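The next block holds one structure in the form of structure tokens; read it before the comments.
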Amino acid sequence: MSNEKQYDSALDLLRRLSPRDTSLNLNRITTLVPDLTEDLLSSVDQPLDVRRCAKSGRDYLLCDYNRDGDSHRSPWSNEFDPPIDDGTLPSERIRKIEIAANEAFDVYRGLYYEGGVGSTYFWDLENDEFAGVVLLKKAVSPGSKSSAAWDSIHVFETSERGVRASHYKLTSTVILHLANETDALGQMNLSGNMTRQVEADMTVEDDASHVANIGRLVEDMELKMRNLLQEVYFGKAKDVVGDLRSIPSLTEANKDKASHRDMIRSMNR
Numbered sequence: 001m002s003n004e005k006q007y008d009s010a011l012d013l014l015r016r017l018s019p020r021d022t023s024l025n026l027n028r029i030t031t032l033v034p035d036l037t038e039d040l041l042s043s044v045d046q047p048l049d050v051r052r053c054a055k056s057g058r059d060y061l062l063c064d065y066n067r068d069g070d071s072h073r074s075p076w077s078n079e080f081d082p083p084i085d086d087g088t089l090p091s092e093r094i095r096k097i098e099i100a101a102n103e104a105f106d107v108y109r110g111l112y113y114e115g116g117v118g119s120t121y122f123w124d125l126e127n128d129e130f131a132g133v134v135l136l137k138k139a140v141s142p143g144s145k146s147s148a149a150w151d152s153i154h155v156f157e158t159s160e161r162g163v164r165a166s167h168y169k170l171t172s173t174v175i176l177h178l179a180n181e182t183d184a185l186g187q188m189n190l191s192g193n194m195t196r197q198v199e200a201d202m203t204v205e206d207d208a209s210h211v212a213n214i215g216r217l218v219e220d221m222e223l224k225m226r227n228l229l230q231e232v233y234f235g236k237a238k239d240v241v242g243d244l245r246s247i248p249s250l251t252e253a254n255k256d257k258a259s260h261r262d263m264i265r266s267m268n269r
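So that you can map any letter, position 102 of the sequence shown is 102 in this note's numbering, and since no number is skipped, the others follow by simple counting.
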């Protein structure tokens with residue numbers, strides 16, 4: 001089988017398996033087919049891992065965008081762990097914007113997530129343009145019978161549109177996992193991911209404007225995706241579960257239906 005067919009088959013397999021186990025399944029596939037490692041790591045979104053920066057003592061998130069070989073760069077110290085000599089670093093200008101973005105999104109994380117971990121990484125493109133990723137993660141009781149995790153991955157690119165404008169292309173992915181186990185309800189595992197994309201032209205006064213513009217795009221996208229998950233996906237899941245299984249006993253349910261019918265008949269007299 002050619003590498004292209006193997007790659008397509010691997011992607012198709014990962015799409016059919018639980019997003020909760022993406023990292024584990026990805027590791028198994030790359031163990032079987034090592035030649036696909038770089039391509040799969042750069043194209044498959046997986047739940048974010050957390051690591052502590054040894055220099056700053058602050059947590060940061062790991063992804064393919066701050067990875068160089070087996071090392072990951074901390075946004076706080078701009079150093080790789082484990083240390084490497086030839087790791088790819090952003091230019092001085094882009095690093096300054098990256099620092100400002102991390103400070104801004106740290107405030108955003110505190111306001112919207114009330115905890116969790118956030119990291120922002122930038123890298124240089126051609127013609128003084130740049131791209132980056134905003135990562136946000138909030139986990140509750142990981143590993144227990146009741147657990148939940150929200151991972152947001154916002155990848156963006158910028159390109160100039162005249163003297164005082166830039167074009168932004170944002171691709172956002174949310175990975176959601178919910179699990180609960182009780183004696184009354186048994187086991188429940190709900191996992192999935194959603195990807196949306198938006199493009200916009202926005203005014204730019206200076207480099208600080210990029211941080212504000214990216215922040216506005218990420219904020220709007222997260223609100224839209226959260227509302228979509230709550231209204232469409234969770235609403236539909238609630239309807240399906242409600243039709244399949246009810247918490248009250250069958251006797252109580254029948255009594256409620258009978259009372260409802262009696263009320264309707266009395267109103268029609």
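For glycine and all other residues, C-beta sits at the position ideal for the given N, C-alpha and C. Predicted model only: the values in this text are computed from it and were never measured.
Spatial neighbours of residue i in its chain, beta-carbon cut-off 8 Å, leaving aside the 5 residues before and after
{"i": "D106", "result": "G118"}
{"i": "V33", "result": "Q6, A10"}
{"i": "L89", "result": "R73, N78, R95"}
Euclidean distance between Cα positions of residue i and residue j
{"i": "S43", "j": "Y168", "result": "20 Å"}
{"i": "S191", "j": "R226", "result": "14 Å"}
{"i": "K5", "j": "A104", "result": "43 Å"}
{"i": "K96", "j": "A208", "result": "10 Å"}
{"i": "I99", "j": "R73", "result": "13 Å"}
{"i": "M202", "j": "F156", "result": "14 Å"}
{"i": "N3", "j": "D35", "result": "8 Å"}
{"i": "F122", "j": "G162", "result": "22 Å"}
{"i": "D243", "j": "A237", "result": "10 Å"}
{"i": "P75", "j": "L170", "result": "20 Å"}
{"i": "Y112", "j": "G215", "result": "13 Å"}
{"i": "T158", "j": "D256", "result": "59 Å"}
{"i": "L41", "j": "I175", "result": "16 Å"}
{"i": "D45", "j": "L13", "result": "14 Å"}
{"i": "Q230", "j": "V240", "result": "15 Å"}
{"i": "K224", "j": "G235", "result": "15 Å"}
{"i": "R51", "j": "T22", "result": "19 Å"}
{"i": "R15", "j": "Q187", "result": "23 Å"}
{"i": "N66", "j": "V198", "result": "23 Å"}
{"i": "I264", "j": "D59", "result": "60 Å"}
{"i": "A184", "j": "A258", "result": "26 Å"}
{"i": "A131", "j": "T182", "result": "45 Å"}
{"i": "Y108", "j": "E252", "result": "47 Å"}
Presumed contact (8 Å Cβ cut-off) between residue i and residue j, rounded CB distance
{"i": "L160", "j": "E126", "result": "The question names Leu, but residue 160 is Glu in the sequence shown. At roughly 11 Å, the Cβ-Cβ gap does not stay under 8 Å, so E160 and E126 are not in contact."}
{"i": "D85", "j": "A54", "result": "Rounded, the Cβ-Cβ distance is 17 Å, inconsistent with contact."}
{"i": "D68", "j": "S91", "result": "Not quite, the Cβ-Cβ distance comes to about 16 Å (not below 8 Å), so this is no contact."}
Cβ pair residue i, residue j closer than 8 Å
{"i": "V133", "j": "H154", "result": "yes"}
{"i": "T173", "j": "N189", "result": "no"}
{"i": "L61", "j": "L135", "result": "yes"}
{"i": "I110", "j": "K138", "result": "Before going on, a small fix: residue 110 reads as Gly here, not Ile. Contact: no."}
{"i": "M221", "j": "R261", "result": "no"}
{"i": "L17", "j": "N27", "result": "no"}
{"i": "V204", "j": "R164", "result": "yes"}
{"i": "L217", "j": "A200", "result": "yes"}
{"i": "D120", "j": "A101", "result": "Reading off the sequence, residue 120 comes out as Thr, not Asp. It is a contact, given that the beta carbons lie within the stated cut-off."}
{"i": "S71", "j": "G57", "result": "no"}
Chain-order list of residues whose beta-carbon lies under 6 Å from that of residue i (same chain, five-residue window excluded)
{"i": "S146", "result": "N180"}
{"i": "R20", "result": "H177, S191"}
{"i": "Y233", "result": "none"}
{"i": "D206", "result": "none"}
Spatial neighbours of residue i in its chain, beta-carbon cut-off 7 Å, leaving aside the 5 residues before and after
{"i": "D39", "result": "Y7"}
{"i": "L48", "result": "L61, L62, C63, L135, K137, D151"}
{"i": "S37", "result": "Reading off the sequence shown, one finds Thr at residue 37, where the question assumed Ser. Same-chain partners within the cutoff: T30."}
Ignoring anything shorter than 3 residues or poking outside the stretch 3-64, list the beta strand (DSSP E) runs there in chain order. 49-52, 59-62
To test your reading of the DSSP string, which unbroken beta strand (DSSP E) runs of 3 or more residues are found completely within the stretch 88-122? none
Suppose only complete runs of 4+ residues qualify. What are the alpha helix (DSSP H) ranges in the stretch 164-245, listed by chain order? 207-228, 234-244
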